[in-house]
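First residue of the sequence shown? That's 70 in our numbering, and the numbers climb one at a time after it. Glycine residues also receive a C-beta, built at the ideal position from the N, C-alpha and C atoms. Beneath this line is the structure, given in C-alpha cells, with notes to follow.
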Amino acid sequence: MSIPKSHYFEARPEVPSRPRTVHLRLPDMDLKLQSDRGVFGSKGLDLGTLVLLREGPAPPAQGEILDLGSGYGPIAVALARRAPGARVWAVDVNERAVELARANAAASQAPNVTAATPGQVPADAQFDAIYSNPPVRVGKAPLHRLLLDWLPRLKPGGVAYLVVQRNLGSDSLAAWLAEQGFAVARLKSKKGYRLLEVRPKP
C-alpha cells in the first residue's frame, strides 16, 4: 500500500501522523517542540527559521505580532517568549500545524500565543510586526497572493521581516515587493538566506 503524498500547505495533511521532538536552541532559550509529518520542518528546524530567529530584530514588547505560515510554531513561541507583553498570532492553513503550535506554546510557557487558521483571525486585525519564513514552494502566484493579503495589515509604522532562500528567489521576491510599493531592504545575507525588511506603502 502506497502512502499518499502530502504538502505542508494543505489544510488537512493526508500522511499519517508520526510525532517527533525538535530542539529549538537559541542564545536566549532552549526548548523542545513537537512536530509531525505533513507539517513544514517536520524533520528538524529549517535553517531559514534559525536565521530569522538569530539574526532578525527583536519583536516589539507590546502589541500584535504575526507569525505568517507558522508551522508547528518555533517562530511564534520564540517571539512570545521574547515579548511576553505582546500577543503573537501563529497563523497557518495547515490544521495539524495549528494544533501543534497551540500545544507547543502551552508546553513552552508562552500563553500569549494565539494559534489560528487564516479564517479564524478577525478581519480587522492589524499587526505591529510580521515575522515569516514564507511558503515559497507553494508557487509564485499563491505566494504573492498570500503576501498581498497580509502585508497591508501592518499598522502604520509596522514592519515585516521575511527570510527567503537566495536560490528560491529571494532577490526576485524583493524586487516584486518593491514594485507593489513596499519599502524593501536586505538586512542580512547568511547561509544562503536573505533577511528582508518590508514596510507598508506610505
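Taken through DSSP and simplified to helix, strand or coil, VAL205 comes out as helix. Beta-bridge pairing by DSSP links ILE134 to VAL157 and ALA198. In terms of CA proximity to TRP219, TRP158 leads the group ASN236, PRO126 and TRP158.
Spanning the alpha carbons of PRO143 and PRO204 requires a straight line of approximately 15 Å. Going by C-alpha positions, SER111 is about 20 Å away from TYR262.
For ARG89, the secondary structure class from DSSP, reduced to helix, strand or coil, is strand. Assignment of VAL232 by DSSP, reduced to helix, strand and coil, places it in the strand class. ARG171 sits close to ALA184, with the two beta carbons spaced by under 8 Å. DSSP links LYS270 through a beta bridge to no other residue. In the structure shown, PRO221 falls within a helical segment according to DSSP collapsed to helix, strand and coil.
Per DSSP, the beta bridge partners of ALA252 are ARG268.
In terms of CA proximity to ALA194, LYS224 leads the group ARG94, LYS224, ALA210 and GLY113. Per the Cβ contact rule, the stretch 96–112 is not in contact with the stretch 241–258 (fewer than 3 Cβ pairs under 8 Å). DSSP places LEU100 outside any alpha helix (DSSP H); the residue lies instead in the beta strand (DSSP E), whose first and last residues are 98–104. Take THR90, set aside five residues on each side of it, and the residues of its chain with a beta-carbon closer than 8 Å to its own are LYS101, LEU102, GLN103 and SER104, in chain order. For THR118, the enclosing alpha helix (DSSP H) begins and ends at 116–124. Sequence-distant partners of TYR230 (beyond 5 residues in either direction) whose C-beta falls short of 8 Å from its own C-beta, in its chain, are LEU121, GLY125, PRO126, ALA198, ILE199, TYR200, SER201, LEU256, LEU264, LEU265, GLU266 and VAL267.
Distance from PRO180 to LEU148 at the Cβ level is roughly 13 Å; contact not present, criterion being Cβ atoms closer than 8 Å.
Under DSSP, SER258 forms a beta bridge with ARG263. The distance from the Cβ of ASN173 to that of VAL190 is about 19 Å, inconsistent with a contact at the 8 Å cut-off.
For the pair VAL228 and GLY238, the Cα-to-Cα distance works out to about 21 Å. Rounded to whole angstroms, the gap between the alpha carbons of HIS92 and LEU119 is 11 Å.
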